[in-house]
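Here is the structure we will look at.
In the numbering used here, the protein residues as written are 589 to 722.
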């Protein structure tokens with residue numbers, strides 16, 4: 589078991605936990621930076637930055653080969669699946685969603701982002717236009 593939850597310091601991201609005997613595997617993926625980290629019993633065993641829809645981590649711990657896969661299943665809702673493998677065999681999969689699966693809430697967030705972007709774009713063009721002329 590982990591003495592400290594190393595993922596408590598990570599705020600904006602997905603956190604997945606898997607158990608293999610006495611070993612706890614903690615997987616973290618940051619929403620904004622794309623930084624992914626895999627810990628076994630508080631020890632960092634794999635780290636990389638990924639902005640794709642899929643990523644793969646291979647690591648060895650106590651002479652055992654492990655792997656973790658992250659796969660973004662729905663970019664609009666932020667649905668991410670994390671798969672944990674031991675010696676090439678799937679042990680467990682877990683899924684988390686940043687937003688709700690409720691279509692109305694997803695539509696409201698999307699509409700809010702669109703309106704915010706339109707207002708920001710209009711403000712930038714209005715500010716820059718006097719300097720560029722017509």
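The beta carbon of each residue, even a glycine, is placed where N, CA and C say it ideally should be. From a predicted model like this one, the values you see are computed outputs, not experimental measurements.
The criterion of a C-beta distance shorter than 9 Å is satisfied by residue 675 and residue 652.
For residue 707, the enclosing alpha helix (DSSP H) begins and ends at 691-720. Residue 605 is positioned such that its CB atom lies no closer than 9 Å to that of residue 628. Cα atoms of residue 690 and residue 696: separation of roughly 10 Å, rounded to the nearest angstrom. Residue 626 sits buried, since 16 or more C-beta atoms from the chains shown fall within 10 Å of its C-beta. Taking the Cα positions, residue 716 is about 10 Å away from residue 710.
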